[in-house]
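Read in order, the letters of the sequence shown correspond to residues 48 to 796 in my numbering. For reference, the structure discussed in these notes is given below.
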Amino acid sequence: MEEKSIHYNQLDPAIESRVNDLLAKMTLSEKVGQLVQENPFEAVDWMAVMKQKALAEEQGLPFRFHQELRPDFEAILLAGRVGVINSAEVGIINQLQRKAVEGSHLHIPLLVGHDVIHGFRTVFPIPLAEACTWDPELIEQAAHAAAEEASACGINWVFSPMVDIARDPRWGRIAEGSGEDPFLGMAMAKAQVRGYQRDDLKSGRRMAACPKHYVGYGAVEAGRDYNTVDLSERTLRDVYLPPFKAAFEAGAGSTMSAFNEIGGVPGTCNPFTLRTILRQEWTWPGVVISDFNAIGELVQHGVAVDLKDASRLSILAGVDIDMESGGYARYLAELVEEKAVPIEVVDEAVRRVLRLKFGLGLFEHPYNEEGLAETIHLNAEFRSLALQAAHESMVLLKNNANLLPLKPGKNRIALIGPLADNRTDLLGTWAISGQAADVDTVLQGIRNYLPDSMLTSVQGCALTGTDPVDFSAAVAAAREADVVILVLGEGVAMSGEAHSRTHLGLPARQQELLDAVAAAGKPIVCVLMSGRPLVVPHLVEQVDALLAAWHGGIRAGQAVADILFGTVNPSGKLTASWPRAEGQIPVYYAHKSTGRPAESKGTTQFDVPFRSTHLDEPNAPAFGFGCGLSYTRFEYTDLVVETPSLPLEGTLAVSAAIKNTGERAGTEVVQLYIRDLVASVTRPVKELKGFTRVALQPGEEQRVRFELPVKELGFSGLDMSYIVEPGRFKVWIGPDSSQGLEGEFVVRP
Ligand code: GLC
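Here it is as structure tokens:
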């Protein structure tokens, strides 16, 4: 049965009339209340909380954290002066929901938003890892599992998916999105929205998604979080906006405005992005919530005199809900009374919020069944799904002499590294409701394959700190072993929001640990866990096999072991390029040709390459978009362009044969790329326009066929309108962005 996903952006006349009826009864204060997200809890000493959490995790104990309600919050609820809260505590949510519904004048229920980014209690791999599965169906299921678990706690709005295209791994939030490519980003955005908004949640209620951060946040200069974004309108339209449009087309009923400015105008008061594009061009009727205090930050941006001025700018630009700046609560009524903000603007914002609340069914089902969460959280189906996602997200980057897979019981193993027997860091960033106690460690996973007599585990060094370290135990273990498995990388606190880095190598003393262990001369399998692409050129040379395992969620440890010992054949493919050096950044496959491309000939004089290259590194990344190895081999033959010449309203049909020429079954992510050779504006040298996962038995061959409507070959033309131009195109079908069978076709005028 095809699960049904709710589309919150299609106007339903029955809902519209209920919205208008309710709006007509609201006072100005009650209207403003619907546009306010307010924190219901007492201030918290987060450092103390984090210390308690770390202590519990060290002891492998579940961590429970309870927040105290503000004493004044009940009065605010009864007066109808708040419309949204952010919580995950079912008892608190029901308590506050009852006050809002039963105690207030108009009985309007609360939206309960929360950051559910890659799972809720069943924590999946970070989204950058999930994208490496190239498996939208799986990602939809994972989002649905997260919605089930979150809805069981009373949450009805997830501040997710994060759909920011990111081409700069210095940016800590690259962890939260799908990587560098808009086409893949669109597929992942649609899948997550469909999964979150499925109409079959066991809570009997619904969930709304909130693709974020609208827009361009991934393009912060220097990869420094919250920094300036200065994009051309064409890049905005052709790279950063498409995943949002895809999310809205999949039915997302809300979005979150970004902290960053876009070419001088902050995303949280930007009439071009918030009105011209969102409301006029896309005619999207959903709700815009600001990011946390982003309205207040307009003062720091230097575009608002004070919070009142900032509130005026945001509501006029089209931000419906103020996330916890206090500006709307304090000044919006005043601004209306002073005629600085027309009441019609406020009414339109309130209409959108009420439309979402009716669409969620909150007026019929405002409360949550207590005890439901315990029956849903961490169930066997979700744990199995998390394991599958971890398997499919991991990317095999190197496997010299087919060292992998290891044969259980054949090799004595030294398991070394700060992430080998680790739980907390494998959860990854934004795993708010995850528990370290739920995590499979790599050591546990490997113990399922080896007797203790064949396994020695040594931490070797910490994930942080640069104090001198005694590596002797690690080196001794390596000397005694046949194979070394090194589990290295980043701690959870090295990526995510406000965690950008300028040096992308191994933190702390891990490189020295690797150097010391490598001197023992044994084969090394390196498992790299991180929230981003890393710059580890020396490591890549030193190790014999390299698996990018990311922060893989609660089943990461088992998944690593299953891959290293061959139960699972890796199929993951990178969705963000891994630079050779920070100096290459931004480095991404869909780059422009330039007038002097690196491969151009005849421009060297006096042995100086007058081409667009660096003197000290080639242009190509260490590992490019779409790449990932398998334990078997896939051969691509016989590309057939079935439509060598086609009209503007035609559909390209192209196919190729893919054969598993190895000795074991495997899944290949077959990719389709095109290039528009001549156009009215410069076009990327390659663009992903299709992909599919193909499972093949040894010796099995399949013909993979792609159909691509010509209208999807367009771009923003000279006048910024979307245009498809006739002309010659190249087309490739291959295993990654750097190679493939090449063909040509012509689009006729
Ligand atoms: C944060 C993040 C945003 C999140 C919001 C609510 O600052 O930027 O992604 O949804 O605040 O927690």
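In this text, a Cβ means the ideal position worked out from N, Cα and C, and glycines have one as well.
Could you compute how far the alpha carbon of residue i sits from the alpha carbon of residue j?
i    : j    : result
G201 : A135 : 7 Å
K98  : V516 : 24 Å
L474 : L175 : 13 Å
D228 : V148 : 44 Å
M48  : L594 : Because the pLDDT at M48 is just 46, under 50, the model does not fix this residue reliably, and the value given afterwards should be weighed accordingly. Approximately 37 Å between the Cα atoms of the pair.
H598 : G578 : 6 Å
S41  : A637 : In this structure the chain extends from 48 to 796, so residue 41 is not present and cannot be described.
E85  : I132 : 6 Å
N307 : R217 : 16 Å
Y496 : A178 : 28 Å
M94  : A101 : 10 Å
L724 : E789 : 14 Å
E527 : E588 : 23 Å
C316 : G365 : 7 Å
M303 : S337 : 5 Å
I155 : E559 : 60 Å
L70  : R398 : 7 Å
E184 : P289 : 20 Å
A563 : Q491 : 25 Å
L575 : F672 : 18 Å
V8   : H260 : Residue 8 lies beyond the stretch modelled for the chain, which goes from 48 to 796, so this question has no answer here.
R220 : A266 : 11 Å
Between residue i and the rest of its own chain, which residues show a CB-CB distance below 7 Å, the 5 nearest in sequence each way excluded?
i    : result
V400 : Q81, L82, G130, V334, D367, I368
R602 : R430, A433, L434, A437, D487
A555 : C508, A509, L510, T511, G512, T513
L125 : K146, G150, S151
A357 : I342, G343, L345, V346, A351, G374
A269 : R217
G456 : L497, M501
Tell me where the beta strand (DSSP E) around residue i begins and ends.
i    : result
G406 : Looking at the DSSP string, G406 is not in any beta strand (DSSP E); the run it does join, the alpha helix (DSSP H), is 390 to 406.
Y720 : 713 to 723
T641 : Here T641 belongs to no beta strand (DSSP E), and DSSP marks it neither H nor E.
F792 : 786 to 794
N446 : 442 to 446
V505 : 502 to 505
T471 : Looking at the DSSP string, T471 is not in any beta strand (DSSP E); the run it does join, the alpha helix (DSSP H), is 471 to 474.
S337 : 334 to 337
A608 : From DSSP, A608 is part of no beta strand (DSSP E) but of the alpha helix (DSSP H) over 603 to 611.
Measure from the alpha carbon of residue i to the alpha carbon of each residue in the options, then state which is nearest.
i    : options                : result
V717 : K758, V688, C674       : C674
F776 : P633, L743, A592, P731 : P731
E223 : A197, Y264, E184, I423 : Y264
N340 : A524, E371, S151, T698 : E371
D785 : E588, S768, L735, S763 : The sequence shown places Ser at residue 785, not Asp. When only C-alpha atoms are compared, the closest one is L735.
L158 : E791, F410, A351       : F410
D277 : R627, R752, K355, P313 : P313
Q744 : E710, T698, H546, A565 : E710
N447 : E417, N426, V572       : V572
V701 : G671, V778, P60, S64   : V778
K620 : M441, R750, G538, L75  : M441
L58  : K648, G406, G642       : G406
L611 : G418, L450, Y414       : L450
A520 : V286, S618, R284, A567 : A567
D119 : L143, N67, A238        : L143
Cutting at 6 Å between CB atoms, please list the residues of its own chain near residue i, excluding the five before and the five after it.
i    : result
G464 : G507, L533, V534, L535
For residue i, report the span of its alpha helix (DSSP H) as first-last.
i    : result
A238 : 229 to 243
A61  : 60 to 72
M94  : 93 to 105
I493 : 489 to 494
D685 : Segment 681 to 688 is the beta strand (DSSP E) holding D685; no alpha helix (DSSP H) there.
K78  : 75 to 80
Y375 : 374 to 384
T622 : Here T622 belongs to no alpha helix (DSSP H), and DSSP marks it neither H nor E.
T422 : 419 to 423
Spatial neighbours of residue i within its chain, please: C-beta separation below 8 Å, excluding the five flanking residues on both sides.
i    : result
L695 : V757, K758, V771, P773, V794, R795, P796
L231 : A178, W181, S225, T622, L735, F738
R117 : N86, P87, F88, E89
Just checking: is the beta-carbon of residue i within a distance shorter than 8 Å of some beta-carbon in chain B?
i   : result
S76 : Of the chains in the structure shown, none is chain B; there is only one protein chain.
**Item:** Secondary structure, beta strand (DSSP E): runs of 3+ residues fully inside the segment 735 to 784
**Value:** Counting whole runs of 3 or more residues, the segment 735 to 784 contains the beta strand (DSSP E) stretches 748 to 756, 774 to 783.
**Asked** Which residue spans inside the segment 137 to 196 form an unbroken beta strand (DSSP E) run of at least 3?
**Response** The DSSP assignment places complete beta strand (DSSP E) segments of no fewer than 3 residues inside the segment 137 to 196 at 158 to 161, in order along the chain.
**Message:** Ignoring anything shorter than 3 residues, give me the beta strand (DSSP E) runs that lie fully in the segment 542 to 601, in order along the chain.
**Reply:** Fully enclosed beta strand (DSSP E) runs of 3 or longer: 571 to 576, 592 to 595.
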